[in-house]
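Structure first, commentary second.
There are 8 protein chains.
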Amino acid sequence: MDKADIKKLIKDIRSGKAGAEEAYAKLKRLPYHDIGCAKLDTHRAIRKGFPEVIYCEGKSIPHLKKIVRALSASHMHIMATRADKKAYAAIRSVIPSAEYHETARIVTIGKGQKGSSGVLVITAGTADIPVAEEASITAQFLGNRVERLYDVGVAGIHRLLSKTDSFGRSNVIIVVAGMEGALASVVGGLTDKPVIAVPTSVGYGASFKGLAALLSMLNSCSPGVAVVNIDNGFGAGCMASIINKAVA
Amino acid sequence: MDKADIKKLIKDIRSGKAGAEEAYAKLKRLPYHDIGCAKLDTHRAIRKGFPEVIYCEGKSIPHLKKIVRALSASHMHIMATRADKKAYAAIRSVIPSAEYHETARIVTIGKGQKGSSGVLVITAGTADIPVAEEASITAQFLGNRVERLYDVGVAGIHRLLSKTDSFGRSNVIIVVAGMEGALASVVGGLTDKPVIAVPTSVGYGASFKGLAALLSMLNSCSPGVAVVNIDNGFGAGCMASIINKAVA
Amino acid sequence: MDKADIKKLIKDIRSGKAGAEEAYAKLKRLPYHDIGCAKLDTHRAIRKGFPEVIYCEGKSIPHLKKIVRALSASHMHIMATRADKKAYAAIRSVIPSAEYHETARIVTIGKGQKGSSGVLVITAGTADIPVAEEASITAQFLGNRVERLYDVGVAGIHRLLSKTDSFGRSNVIIVVAGMEGALASVVGGLTDKPVIAVPTSVGYGASFKGLAALLSMLNSCSPGVAVVNIDNGFGAGCMASIINKAVA
Amino acid sequence: MDKADIKKLIKDIRSGKAGAEEAYAKLKRLPYHDIGCAKLDTHRAIRKGFPEVIYCEGKSIPHLKKIVRALSASHMHIMATRADKKAYAAIRSVIPSAEYHETARIVTIGKGQKGSSGVLVITAGTADIPVAEEASITAQFLGNRVERLYDVGVAGIHRLLSKTDSFGRSNVIIVVAGMEGALASVVGGLTDKPVIAVPTSVGYGASFKGLAALLSMLNSCSPGVAVVNIDNGFGAGCMASIINKAVA
Amino acid sequence: MDKADIKKLIKDIRSGKAGAEEAYAKLKRLPYHDIGCAKLDTHRAIRKGFPEVIYCEGKSIPHLKKIVRALSASHMHIMATRADKKAYAAIRSVIPSAEYHETARIVTIGKGQKGSSGVLVITAGTADIPVAEEASITAQFLGNRVERLYDVGVAGIHRLLSKTDSFGRSNVIIVVAGMEGALASVVGGLTDKPVIAVPTSVGYGASFKGLAALLSMLNSCSPGVAVVNIDNGFGAGCMASIINKAVA
Amino acid sequence: MDKADIKKLIKDIRSGKAGAEEAYAKLKRLPYHDIGCAKLDTHRAIRKGFPEVIYCEGKSIPHLKKIVRALSASHMHIMATRADKKAYAAIRSVIPSAEYHETARIVTIGKGQKGSSGVLVITAGTADIPVAEEASITAQFLGNRVERLYDVGVAGIHRLLSKTDSFGRSNVIIVVAGMEGALASVVGGLTDKPVIAVPTSVGYGASFKGLAALLSMLNSCSPGVAVVNIDNGFGAGCMASIINKAVA
Amino acid sequence: MDKADIKKLIKDIRSGKAGAEEAYAKLKRLPYHDIGCAKLDTHRAIRKGFPEVIYCEGKSIPHLKKIVRALSASHMHIMATRADKKAYAAIRSVIPSAEYHETARIVTIGKGQKGSSGVLVITAGTADIPVAEEASITAQFLGNRVERLYDVGVAGIHRLLSKTDSFGRSNVIIVVAGMEGALASVVGGLTDKPVIAVPTSVGYGASFKGLAALLSMLNSCSPGVAVVNIDNGFGAGCMASIINKAVA
Amino acid sequence: MDKADIKKLIKDIRSGKAGAEEAYAKLKRLPYHDIGCAKLDTHRAIRKGFPEVIYCEGKSIPHLKKIVRALSASHMHIMATRADKKAYAAIRSVIPSAEYHETARIVTIGKGQKGSSGVLVITAGTADIPVAEEASITAQFLGNRVERLYDVGVAGIHRLLSKTDSFGRSNVIIVVAGMEGALASVVGGLTDKPVIAVPTSVGYGASFKGLAALLSMLNSCSPGVAVVNIDNGFGAGCMASIINKAVA
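Protein sequences appear in the order of chains A, V, X, P, E, Z, D and W. Note that our numbering numbers the first sequence so that position 181 is 181, with each residue one more than the last. For any residue, its number in our numbering is found by taking its place in the second sequence, counting from 1, and adding 248. For any residue, its number in our numbering is found by taking its place in the third sequence, counting from 1, and adding 496. For any residue, its number in our numbering is found by taking its place in the fourth sequence, counting from 1, and adding 744. For any residue, its number in our numbering is found by taking its place in the fifth sequence, counting from 1, and adding 992. For any residue, its number in our numbering is found by taking its place in the sixth sequence, counting from 1, and adding 1240. For any residue, its number in our numbering is found by taking its place in the seventh sequence, counting from 1, and adding 1488. For any residue, its number in our numbering is found by taking its place in the eighth sequence, counting from 1, and adding 1736.
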């Protein structure tokens, strides 16, 4: 049952064509799959255009396996984020073809969707790369082609300025930066593409685990910048994918 | 001199076709207009696709008039935000055709660009409307058609559920909410369109002038939500416009 | 000596029927039991309607054993919270019949009181289950029947909407949620039952260990929501029990 | 159309007895009344058991009048909170019988429901009285009898100890306190009734506008205490009413 | 050279009786002893009335030994705080007679001064005992007799009320409490003795590592309460000693 | 009825000499005087050694007059703090002999108790003087002689060093400082007298209304420093009085 | 008596050449001038190289006049900061030649010292100009020549890049910026001159009155940046002057 | 290619002497060296006057080796900060002559530049020494002679006052202090040299990991104090070096 089917059903209910019994029966089956420890939102793929995503942190290994097994029964494409090596081993024991992206801490099952070009991921420093990779792998798995431009922070702004032509090739730009997070404002001032800013917890002392970069990005003097949670590469990858696929 | 001209010049410099002297002369004149109290970024319209915007708060009346006069010499379309009635009077004394959007506290000069459809602005309560109007008027002035869906907060979620068909008609959704800001997550869970969340300072006590809504939106459990500053309707309108115009 | 006895004594003192000597002797013995490292509030069971509860975190094993031994001399029903496996082993070495609820990290001694129906415990995600179990086991031990509805967060709100009939069967609802904590407001908007909201430290970045959910719940736009401390499943279970037993 | 009617309709839809067309027509009319500046949740009275409540702060006088006029067409009992004298004058110009409770800043229309006994409202100091009155008037209007015990803070704890018999007469206790908010813990330790704690912004310096009392109450060492937002007398009154009416 | 000698020297300098050379020579030698890694303030004992105190946390074992060796050359009474077992072993290897107070994490050398009665140390719970012991041992070592009253928090206020006669026997009262820290206000309201309040980091969630108790104590509605840093038992012990010795 | 009477009564109750009826009758009358808007703690003077104190801020003029009238019936010495000129006028209309201390914003009735010497009040700057005067007048009214040493902050530390002989004449020192509050640590390092530190809200930017000074004083590296709330001159004056009178 | 005199005296005391009596007499007169409400640090000019500075905020008009009168008896050059028009009028009534710098809110008496070139003051926006002017006027009055470069924030970074030659002409650079404060990092990355960063309270919402810019600047990824308090133009001007005069 | 070459090139481009092609070719090669995981800013040494610096924390051992190898190809002087023993071993395996400064956690390659005198580094306590050593070694490596004055905090201010002659020998002073950070203000009040204040995370409880010292230093009442990030010894060393070398 795909998006078009759902849309048709909704229309039929509105028009009265679908009787209450029939609609109820269909809708009841759709939304989620209750496996005890979780209610898998199998409907999300249809509603949001995403394959199913598992957040590994804090899940026990038995629960993780159970969820992967349940999902793989009905899904071709599964992504698991914040996965350490143990989580990967557990998933691979269920689905041997699962692939591990170590820097991004992501496990993917299935090839991901065919990519439309247009997402550019920029980092201020090398320490921001894990979060950037989480965003990049997420966007790739959701069917986007990703260009990476890492370690171009404002302490040596000529590195960024020499690469601004990559801005033109993108539909949406993700800026990943810790410390003072100034890169988001600078990029925002140089492009007319939407900028998704990701503060990272990189820094020490008065960075207060990413708070400095977060506040900095929220207060960006450049219009066209919106912000996701600290270290939330996954969220940035999703948002960028939604925008890029609408544009492309 | 428009975007194409600029692009050509940049190409010519890269290829060596434009001599240093010639390029220097042209570029020197382009970027900004120095009027003493401000360096008007006349280049921004080209770089960002926005007409010039004046932030009125904290500017003296003489400065405001000077800036409006300088901008109106070279721009057809000017927008002034956070404008109280005094600021409006000052602007109108320079440009009699200036129009005042009182709830949004915005003054516009010129008709705005021809609108492409696709921006939906939602509020949780009636107290969020001024911020929502700042977003709506901004988006309209930047050439977008805006649909408004106000006062549909989660305390009475049926109001929102009865209107989800408007989600389908939009390319991008702005959610404006104060207090606990839960509306952003709920909308984000119901749509596959990008959601720009605007926390407002509406609330009291432990809302801490919008902090509660801000943190809530940054931690949204729904993917596809990005956040702008508290009460920053203007920023949300810009971001939405950038996305909508790329899509439409 | 039970509640009625105490009430009578208080009345007698007020009326002058109980002489000072007699009252003094009785009251002196009642209130607590001093075992050196602690003054066990043996009176609390009478005053609050709760069996004695031991908070294990930070207590040494010898102290823990000493307290359990002292309490078990005069109490049939004992509950120990925040108990890890070592704490459980220590308690079991004193009272072999002690039972361990691992997810909830609670040890119970005795069967708990006979349950009156009426407490519903809801979680937003699977990561909130340990806190929810602390609340559920606490409520059960205090003599309530508990219905569980886990993993129905607002990112897939249809999961919750399909289960609203469980609201009608309850006298009081506990909502356990981390991240943005929006579930409390949504549930509060859908029911006329009192809602006890428990923010959890689930989340990362700008959740600031539960602060985002806490502020969100305190600012709930739905009336009929009150909040307990972050991760305080025990407190929510107590509060729900007090209300449920008054109603049932 | 009352609660029973709604319940029947829902049953009929579930059983298939109510056709889609018929149900749609009924439900569409029910939930809210769109008057432009607001979507009045006329359904809330049924869903939550509350008469309609208007939050006056930040609403313009014309909007306020419009809302009162619209509500009074279908409601006998209306309450308006955070109402200053201007708001009261505006409401009275529409409904001459409207009554003003100045300390509580509440306007009521209609007599309120017949009261069931059982709500006790306690304050630590005299400066907490306005918030306490907001809670008291709210609870009274929602059909509860309220006992007041004001100015019994812990700096002179004998004032409280001499009045503990009032605890026994109540089904639910609201404790209103600013500064260090210790009263909630003390009351919570002396009673087996549910305690709703309301931190107030009374205090100075490091009270940080109620933050000290809020944190204090959230960390209460007494079980059976739940907290609402700073200065949120209305919310406490609602919560207490929900509990009291279930018990009484 | 004792306090009287110093006072005389200062007088002599003021009166001109002590020549510049002589005074300089004496004063230069007095104030501190430079051992490379530290400048031991040997003068403090005279200036503040305290024996020398070593704060162990963060000091390397070789540095610690060096400091102890240097101090023991000129001091009979030495106290080392925040000492874990390793630190104790290091100190004992230099001074075999050193004594370890494990709960208080304090090492003492020498018998302490002869005690004047008058310090009462109260805790709210058993988890506050380590901080209370740091205060108690400190006060004892500085020559005060200490009475302990532990685990009398406000959740069972009768435990405290039954012991108020101990207030009368003291000259100064230290109240040690975590969570909401209400005990300080309650004690402050019951006594006319100076109260030194010590917030502890005991608690979880919104206690924010002692912040809740700290703010609570600073906002105490009872006059006669002053506060030291979170978990600063040592500081409270010093302050209490200064007051008690002045009084006794 | 004075302290001795109370003490005797308590003894008699303990020994059984005072019958329940008799004790009840006496104690019921003692503790407070209920005048509707307030429960005047007439007992406090006995329990704490203070005359009655009225906190004016937030009290209505009629309430203020009522309280003053009620208190003056049984008290010779009354102090009202945070009193602006209107409050003073109101009090004087009831008690014509009331005296106004404008800088301290205190009104006193009666001469205050005969003063024992020994309180020294120090400020860092001239802007701290109002808070210092609140402390000084409070201490004087409570029967202490006060020496003032104002504007001796650490930016010109020689001003302080030239005045250290005043330390020797005092029994207790109050240090009032805003901005970085460093003066408390410096004074604490130079004296063996107890130091009560009062952070003030003097400062701007990152002083965050006194937070910087508060944290600074709580973290004082000098032992013998305890802290009261921001701007709480009254609290410091009380604490100093309690200590000074015990010593003197 | 100037710096050289002081230095000689100190040397003489050290060498023993200056007798105690003589030194005492001289030093006692030097340090400050006690006028009751203030202890004027007349010594600061010598010790710090600054003329006397009066911080007007919070000083009463009579006190202000008294201080100006006292200072003008012994000083040629006086500066008063945070002076509104009333403060200026008061100062002018004492010293008719006083000059008012309105944007900077500074009053100067005397011509200031002869300027050495080398201070560059940069702002991000026009709203930062008042703080920048406070810094500029301060630096000028302290004897520095100041170059101003206003409104060159990173939203249009070409404005800054076109002006980098001014960096080479300076010895020290002051960067004044609100909102996200990114300009400090960008300037710090482009120059080898010391950068003094001044966060301003310009911004709204999550700028939290300058906190965002402050944290941003403290976390600057460019070395060679140090920070002063929010809106502290005076402090930046002093610091820049100290550095510039050492270099020039 | 050194600074002079760069300067000449820039001049030539400005004057038109350098053709676009030629300039482009040169500038393209200059700025940085892309080694995959990092874009080494080889230009920084020229632009900022610093040798290359590697921040080790969070870098993998293979990446660290790769960066050291790449840098050592073109640089004589390399510094690596926040290096633990593993990082040192990795660096030494590439460059056997690398030297380890353990307390400062810094690795240096090459002898550092010939030192100009003039940097004084002061600490409040012994626990601040690691941060101070990071500053000292940094400044030495950047070619400054450093004088150290450790453990002279304000709790024993005579230790500092006896050493003020060292102030005169310096061009710039670094003050490193945790807890309440008062030392920066005291030093700032005693010298006319620029003071760089470094708050450290030394302290506990309400020091909040350095926040107390940070706020204290930002609010210093002494002019001539600027602040760097918490524990940022490296940043202070850079800033001091920039100033000292300009002066010397």
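Beta carbons: idealized from backbone N, C-alpha and C, even for Gly.
*Have a look at residue 1400 (chain Z) and residue 1240 (chain E) and give me their C-alpha separation to the nearest angstrom.*
Within the sixth sequence, numbered from 1, the residue matching residue 1400 (chain Z) stands at position 160. Within the fifth sequence, numbered from 1, the residue matching residue 1240 (chain E) stands at position 248. For the pair residue 1400 (chain Z) and residue 1240 (chain E), the Cα-to-Cα distance works out to about 30 Å.
*Does the distance from the CB of residue 106 (chain A) to the CB of residue 81 (chain A) come in under 8 Å?*
For the purposes of this step, residue 106 (chain A) is taken as residue 106 along the first sequence, with counting starting at 1. For the purposes of this step, residue 81 (chain A) is taken as residue 81 along the first sequence, with counting starting at 1. It is a contact, given that the beta carbons lie within the stated cut-off.
*Below 8 Å, can you find three or more Cβ-Cβ pairs linking the segment 664-678 of chain X to the segment 455-471 of chain V?*
As far as the Cβ criterion goes, the segment 664-678 of chain X touches the segment 455-471 of chain V, which means the pair count is three or higher.
*Any beta-carbon of chain P closer than 8 Å to the one on residue 640 (chain X)?*
Within the third sequence, the letter at position 144 stands for residue 640 (chain X). No, because no Cβ of chain P sits closer than 8 Å to the Cβ of residue 640 (chain X).
*chain Z contact residues for residue 1720 (chain D), given Cβ-Cβ distances below 8 Å*: For this step, residue 1720 (chain D) is matched to residue 232 along the seventh sequence. For residue 1720 (chain D), the chain Z residues whose Cβ falls inside 8 Å of its Cβ are 1444, 1445, in order along the chain.
*Can you grab the Cα-Cα spacing for the pair residue 1798 (chain W) / residue 76 (chain A), in whole Å?*
Position 62 of the eighth sequence, counted from the first residue, corresponds to residue 1798 (chain W). Position 76 of the first sequence, counted from the first residue, corresponds to residue 76 (chain A). Answer to the nearest angstrom: the Cα atoms are 36 Å apart.
*Following the continuous alpha helix (DSSP H) through residue 130 (chain A), name the residue where it begins and the one where it ends.*
Residue 130 (chain A) sits at position 130 when you count from the first residue of the first sequence. 129-141 is the extent of the alpha helix (DSSP H) around residue 130 (chain A).
*Within the present structure, is the beta-carbon of residue 1097 (chain E) separated from the nearest heavy atom of the ligand SAM by less than 7 Å?*
Absence of the ligand SAM from the depicted structure is noted, as is the absence of any ligand whatsoever, leaving it without description.
*Is the CB-CB distance between residue 668 (chain X) and residue 680 (chain X) below 8 Å?*
On the third sequence, position 172 is the one that residue 668 (chain X) refers to. On the third sequence, position 184 is the one that residue 680 (chain X) refers to. No, Cβ-Cβ distance for residue 668 (chain X) and residue 680 (chain X) is not below 8 Å.
_Inter-residue Cα distance where the pair is residue 1677 (chain D) and residue 314 (chain V)_ = The count along the seventh sequence starts at 1 and reaches residue 1677 (chain D) at position 189. The count along the second sequence starts at 1 and reaches residue 314 (chain V) at position 66. Answer to the nearest angstrom: the Cα atoms are 33 Å apart.
_C-beta neighbour in chain X for residue 38 (chain A), strict 8 Å_ = In the first sequence, counting from the first residue as 1, residue 38 (chain A) sits at position 38. Between residue 38 (chain A) and chain X, the shortest Cβ-Cβ separation is below 8 Å.
_Terminal residues of the alpha helix (DSSP H) in which residue 584 (chain X) lies_ = On the third sequence, residue 584 (chain X) is found 88 positions in, with the first residue counted as 1. In the DSSP assignment, residue 584 (chain X) falls within the unbroken alpha helix (DSSP H) covering 581-590.
*On the DSSP bridge assignment, give the partners of residue 1387 (chain Z) in chain order.*
Within the sixth sequence, residue 1387 (chain Z) is the residue found at index 147, counting from 1. Beta bridge pairing from DSSP links residue 1387 (chain Z) with Z:1360.
_Using a Cβ-Cβ distance cut-off of 8 Å, determine whether residue 1304 (chain Z) contacts chain P._
Numbered from 1 along the sixth sequence, position 64 holds the residue referred to as residue 1304 (chain Z). The beta carbon of residue 1304 (chain Z) does not come within 8 Å of any beta carbon belonging to chain P, so the residue lies off that interface.
*How close, in whole Å, do the beta carbons of residue 886 (chain P) and residue 981 (chain P) come, if the pair is a contact with beta carbons under 8 Å?*
As a position in the fourth sequence, residue 886 (chain P) is number 142, starting the count at 1. As a position in the fourth sequence, residue 981 (chain P) is number 237, starting the count at 1. Yes, residue 886 (chain P) and residue 981 (chain P) are in contact; Cβ-Cβ is about 7 Å, under 8 Å.
*Drop a sphere of 10 angstroms on the beta-carbon of residue 1809 (chain W), count the other beta-carbons inside from all chains shown, and report buried for 16 or more, exposed for fewer.*
Taking the first residue of the eighth sequence as 1, we reach residue 1809 (chain W) at position 73. Around the beta carbon of residue 1809 (chain W), fewer than 16 other beta carbons lie within 10 angstroms, which makes this residue exposed.
*For my contact list, residue 938 (chain P) and residue 735 (chain X) are in at a C-beta cut-off of 8 Å; report their separation, rounded to the angstrom.*
Taking the first residue of the fourth sequence as 1, we reach residue 938 (chain P) at position 194. Taking the first residue of the third sequence as 1, we reach residue 735 (chain X) at position 239. Contact check for residue 938 (chain P) and residue 735 (chain X): beta-carbon distance about 6 Å, within the 8 Å limit, so the pair qualifies.
*Give the straight-line distance between the Cα atoms of residue 583 (chain X) and residue 742 (chain X), rounded to the nearest whole angstrom.*
Indexing the third sequence from 1 puts residue 583 (chain X) at position 87. Indexing the third sequence from 1 puts residue 742 (chain X) at position 246. Straight-line measurement puts the Cα of residue 742 (chain X) at about 33 Å from the Cα of residue 583 (chain X).
_residue 315 (chain V) - DSSP class collapsed to helix/strand/coil_ = As a position in the second sequence, residue 315 (chain V) is number 67, starting the count at 1. Of the three classes helix, strand and coil, the one that applies to residue 315 (chain V) here is helix, per DSSP.
*Using the C-alpha atoms, what's the distance from residue 1715 (chain D) back to residue 560 (chain X)?*
Residue mapping note: residue 560 (chain X) aligns to position 64 of the third sequence, counting from 1. Residue mapping note: residue 1715 (chain D) aligns to position 227 of the seventh sequence, counting from 1. Rounded to the nearest angstrom, the two C-alpha atoms are 51 Å apart.
_Determine, for residue 1367 (chain Z), whether the minimum Cβ-Cβ distance to residues of chain B falls below 8 Å._
The chain inventory of the structure shown lacks chain B, comprising the protein chains A, V, X, P, E, Z, D and W.
*Using a Cβ-Cβ cut-off of 8 Å, state whether residue 683 (chain X) counts as contacting chain P.*
The residue you call residue 683 (chain X) lines up with position 187 of the third sequence. It does not; no Cβ of chain P falls within 8 Å.
*asked:* Give the list of continuous alpha helix (DSSP H) stretches no shorter than 4 residues that lie fully inside the segment 1386-1420 of chain Z.
replied: Correct list: 1397-1401, 1405-1408.
*asked:* Closest to residue 108 (chain A) by C-alpha separation, out of A:91, A:123, A:117, would be which residue?
replied: One-based indexing of the first sequence puts residue 108 (chain A) at position 108. The residue with the shortest Cα to Cα distance from residue 108 (chain A) is A:91.
_Same chain, Cβ closer than 7 Å to residue 377 (chain V), five either side skipped, listed in chain order_ = Translated into the one-based positions of the second sequence, residue 377 (chain V) becomes position 129. Closer than 7 Å at Cβ, skipping near neighbours: 351, 371, 398.
*Leaving out five residues on either side along the sequence, give the residues of the same chain with a beta carbon under 8 Å from the beta carbon of residue 661 (chain X).*
Translated into positions along the third sequence, residue 661 (chain X) becomes position 165. So no residue of the chain qualifies.
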